[in-house]
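**Q** Let me give you the structure first, and then I'll get to my questions.
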Amino acid sequence: MNTKVLFILLFLGISNGAYSQVPAVVEASNQSVRSTVLTQKFLAPTRIVWKSDETGKQVLNAESILKPGIGQADLNQGKYLTLINDQDSKAGLILDFGCEIQGGIEIVTTINNSNPAGYVRVRLGESVSETMSDVAVEGATNDHAMRDFTVQLPWLGRLLVGESGFRFVRIDLLDPNTKVEIKEISASFRYRDIPYLGAFSCNDERLNKIWMTGAYTVHLNMQDYLWDGIKRDRLVWVGDLHPEVMTVSSVFGNNEVVPKSLDLARDLTPLPNWMNGISSYSMWWLLIHRDWYYYHGDLAYLKQQQNYMVDLLNLLSTKIDANGKETLDGNRFLDWPSSENQEAVHTGLQSMMVMTFEAGADLCEIMGDKETAKLCHASVEKLKKHVPGMAESKQAAALLAMSGLVTPAQGNNDVLARDGVHKMSTFYGYYMLIARAMAGDYQGALDNIRDYWGAMLDLGATTFWEDFDIDWTKNAARIDELVPEGKVDIHKTYGGYCYKQFRHSFCHGWASGPTSWLSQYVLGVNVLEPGCKTIKLEPHLGDLRWVKGSFPTPHGVLEIEHRKLEYGEVKTTYKAPKGVKIVR
């Protein structure tokens, strides 16, 4: 395992109970179709959360299962985990692997079993309570990934099953009047073994852990493609990709999973269709390409997108009426919490049209297409004739500020700085933070990060969630414990739209915004020229005393440190790779 990856796992609380490292994906014969090789690592459980029988008559030698395994059955006798069912009750236990992972479960049995050993029910969960749920009850599903299934164990052997996002597993013996002896239960962790080139640390450990948790959330979703979530949906949702790609660029640098996913979305979406059926997601596709090009400077790859990009811009130009108002069709969507506020959705789409045409003009000029660049400039001028209201929506206010349709100060003062972290969302929270930074309210954004994303950590999260409302924290139990009587089960109780109750994803890449935001606005890395040829260092420490870190560029890793001196002046030191010009 890459030593930096191991550090991340230890930082987030995962045990290094691992015994092998083998390719989890066999390359297909047609390498252009599938060539990704992911690493598979086996992890021992860190603790036993629950046993069905505390008397020691049905669950024996449970602590033995915490020992790291080797993945091999043998003929030895020993004191191994033993599950015993009688006529009236069933034996089972819940294990904690310390941190959310993507993968499955390996079970190794002993010689002291029947042939076959018997059937067990396996339930994977992102929370303890999810492992105790039944499919089709309270939102629990086997959608996209099987997290609740029955398997037959071999007499003396090894069984590797499942693939989902989880931290906890519940295993129940199903057969009546049966005994099963288990030597090992390990989690099969599948991931890209890549270094964390970017780094962030400061004198506030809460912010450090938030940065790392956002990075790890995206890392888990960097599978064959860049997914939205590892339990659900495990799909390439293009809007979700934008904050994820910004995190990839800030932490891992250039990685093939990004162009591979962008190209998949393009190839699956012949125009005039919208990516994922959502007009804003086609706009996010173009905006991602703008940001990816500035961070990595691959002009040849950008030019591969030119025909589609030009056709998309021409299509979007037909979706503006005579008064400059967007008339986008398809699914009109920003994020789920704003979806019922149609005024806010229109405001957001109007703003995104401006942002997309401005990015389009920039990219077309780079590619030498003056005609389409002229169309983009004309479309921006047309769109600026119509400035919709903020609709009491932080999503709308953020995009209005980012597009320049209102001043960032207005968006911040009128909407974003009000009500603390109420009405924030995990996806568009990233753009709320950007808009607050544009308004110069860096301290307000830092407080939002601590209060909103930090609250998920306080509830036991090791990855960031698909959705979160600060009001859910009232009397809520932690997700890594059995729900005490009188406490609210946050996973079972909350959620809406497509993520009700246990269907709610607790590892969702679109929630990683603070990671790239902290790198850009606190560490102060602002990319001015494609390929990071020119970077402006502009730190905003707020109430922090110091911050240091690193940032990957195509030329090497940029190392930075800022320290606040006695009278508030910030002293900056850095080590830049050759080919990167630093301006202050």
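Residue numbering for the sequence shown follows my numbering, starting at 4 and increasing by one per position. The beta carbon of each residue, even a glycine, is placed where N, CA and C say it ideally should be.
1) Since Tyr199 is in the beta strand (DSSP E), which residue starts that stretch and which ends it?
2) Do you know how far the Cα of Arg439 is from the Cα of Tyr524?
3) For Gln155, write down the residues that DSSP places opposite it in a beta bridge.
4) Taking C-beta to C-beta, are Thr375 and Leu316 nearer than 7 angstroms?
5) State buried or exposed for Gly371, treating a residue as buried only when at least 16 other CB atoms are found within 10 Å of its CB.
6) Pull up the CB-CB distance for Gln3 and Tyr122, whole angstroms please, since I reckon it's below 8 angstroms.
7) Taking only the alpha-carbon atoms, compute the straight-line gap between Glu166 and Ile188 and give it to the nearest angstrom.
8) Just the Cα atoms here: how many angstroms apart are Thr39 and Val164?
9) Return the chain-ordered list of same chain residues with a C-beta closer than 8 angstroms to the C-beta of Ser264, the five sequence neighbours on each side being excluded.
10) Taking C-alpha atoms, which residue in Ile174, Leu544, Lys536, Leu84 lies nearest to Lys584?
11) Phe505 and Gly107: beta carbons closer than 7 angstroms?
12) Does the beta-carbon of Gln43 have 16 or more other beta-carbons within 10 angstroms, so that it is buried, or is it exposed?
13) Tell me which residue opens and which closes the beta strand (DSSP E) that Gln504 is part of.
14) Less than 7 angstroms between the beta carbons of Thr250 and Ser519, yes or no?
15) Please report the distance separating the alpha-carbon of Ala202 from that of Asn451.
16) Who pairs with Pro555 in a beta bridge, going by DSSP?
17) Between Ile233, Ala120, Leu366, which has its C-alpha nearest Glu532's C-alpha?
18) Does the beta-carbon distance from Arg193 to Gln105 come in below 7 angstroms?
19) What residue range is occupied by the uninterrupted beta strand (DSSP E) comprising Arg170?
20) Should Lys182 and Ile51 be called a contact, given that it needs their Cβ atoms to be closer than 7 angstroms?
21) What number of angstroms, rounded off, separates the C-alpha of Gln24 from the C-alpha of Gly217?
22) Check each candidate in Pro517, Glu66, Leu436 and name the one with the smallest Cα separation from Trp468.
23) For the segment 413 to 450, which segments carrying the alpha helix (DSSP H) assignment without a break, of at least 4 residues, lie completely within its bounds, in sequence order?
24) Give me the Cα-Cα distance between Glu133 and Ile233, rounded to the nearest whole angstrom.
25) Check this for me: beta carbons of Phe430 and Trp513, under 7 angstroms apart or not?
26) On the criterion of 16 or more Cβ atoms from any shown chain inside 10 Å, does Ser269 qualify as buried, or is it exposed?
27) Please state whether DSSP places Tyr228 in a helix, a strand or coil.
28) Quick check on the DSSP output: the beta strand (DSSP E) that includes Glu103 runs from which residue to which?
29) For the candidate residues Arg161, Ala190, Ser92, Arg126, whose alpha-carbon lies nearest to that of Asn180?
30) Using a 10 Å radius around the Cβ and a threshold of 16 neighbouring Cβ atoms, would you call Glu208 buried or exposed?
31) Whole angstroms is fine: what's the gap from Gln61's alpha carbon to Ser55's?
32) Buried or exposed, going by whether 16 or more other CB atoms sit within 10 Å of the CB of Gln226?
33) Under a CB-based cut-off of 7 angstroms, is Tyr122 close to chain C?
34) Does DSSP classify Ala479 as helix, strand or coil?
35) Terminal residues of the continuous alpha helix (DSSP H) containing Val525?
36) Determine the direct distance from the alpha carbon of Gly499 to that of Met393, and round the result to whole angstroms.
**A** Judging by the given coordinates:
1) From DSSP, Tyr199 is part of no beta strand (DSSP E); its letter is neither H nor E.
2) Near 11 angstroms, if we compare the C-alpha coordinates of Arg439 and Tyr524.
3) For Gln155, which the question treats as bridged, DSSP gives the partners Tyr122.
4) Taking 7 angstroms as the Cβ cut-off, Thr375 and Leu316 qualify as a contacting pair.
5) Result: exposed.
6) The requested residue 3 does not occur in the structure, where the chain is confined to residues 4 to 587.
7) One C-alpha to the other measures close to 15 angstroms.
8) Rounded to the nearest angstrom, the two C-alpha atoms are 21 angstroms apart.
9) Tyr228, Leu229, Val239, Leu244, listed in sequence order.
10) Its Cα nearest to that of Lys584, the residue Lys536 stands out among Ile174, Leu544, Lys536, Leu84.
11) Result no, Cβ atoms of Phe505 and Gly107 do not sit closer than 7 angstroms.
12) Taking all protein chains in view, the Cβ of Gln43 is crowded by 16 or more other Cβ atoms within 10 Å, so the residue is classified as buried.
13) Segment: none, Gln504 is in no beta strand (DSSP E) and carries neither H nor E.
14) Taking 7 angstroms as the cut-off, the beta carbon of Thr250 is found closer than this to the beta carbon of Ser519.
15) Distance from the CA of Ala202 to the CA of Asn451, rounded to the nearest whole angstrom, comes to 21 angstroms.
16) Bridge pairing for Pro555: Val560 [DSSP].
17) Looking at the Cα atoms, Leu366 is the closest of the given residues.
18) In this structure, Arg193 sits near Gln105, with a CB-CB distance shorter than 7 angstroms.
19) Per DSSP, Arg170 belongs to the beta strand (DSSP E) from 161 to 176.
20) Contact flag unset, no.
21) With a pLDDT of 29 at Gln24, under the threshold of 50, the modelled position of this residue cannot be trusted; read the value that follows with caution. Answer to the nearest angstrom: the Cα atoms are 25 angstroms apart.
22) The closest CA to that of Trp468, considering only Pro517, Glu66, Leu436, is found on Pro517.
23) Secondary structure in the segment 413 to 450: the alpha helix (DSSP H) runs of 4 residues or longer, each lying completely within the stretch, are 432 to 441 in chain order.
24) When the Cα atoms are used, Glu133 and Ile233 turn out to be separated by approximately 15 angstroms.
25) Their beta carbons are under 7 angstroms apart, which means Phe430 touches Trp513 by this criterion.
26) Here residue 269 turns out to be Arg, not Ser, going by the sequence shown. Burial call: buried.
27) Per DSSP, reduced to three states, the secondary structure at Tyr228 is coil, with no helix or strand assignment.
28) Unbroken beta strand (DSSP E) run through Glu103: 95 to 112.
29) Nearest to Asn180 by C-alpha distance, out of Arg161, Ala190, Ser92, Arg126, is Ser92.
30) Here Glu208 is exposed. Its C-beta has fewer than 16 other C-beta atoms within 10 Å.
31) Here the alpha carbons of Ser55 and Gln61 stand approximately 8 angstroms from one another.
32) Buried is the call here.
33) You won't find chain C in this structure, because it holds only one protein chain.
34) In the structure shown, the three-state DSSP call for Ala479 is strand.
35) From DSSP, Val525 is part of no alpha helix (DSSP H); its letter is neither H nor E.
36) Whole-angstrom Cα-Cα distance: 23 angstroms.
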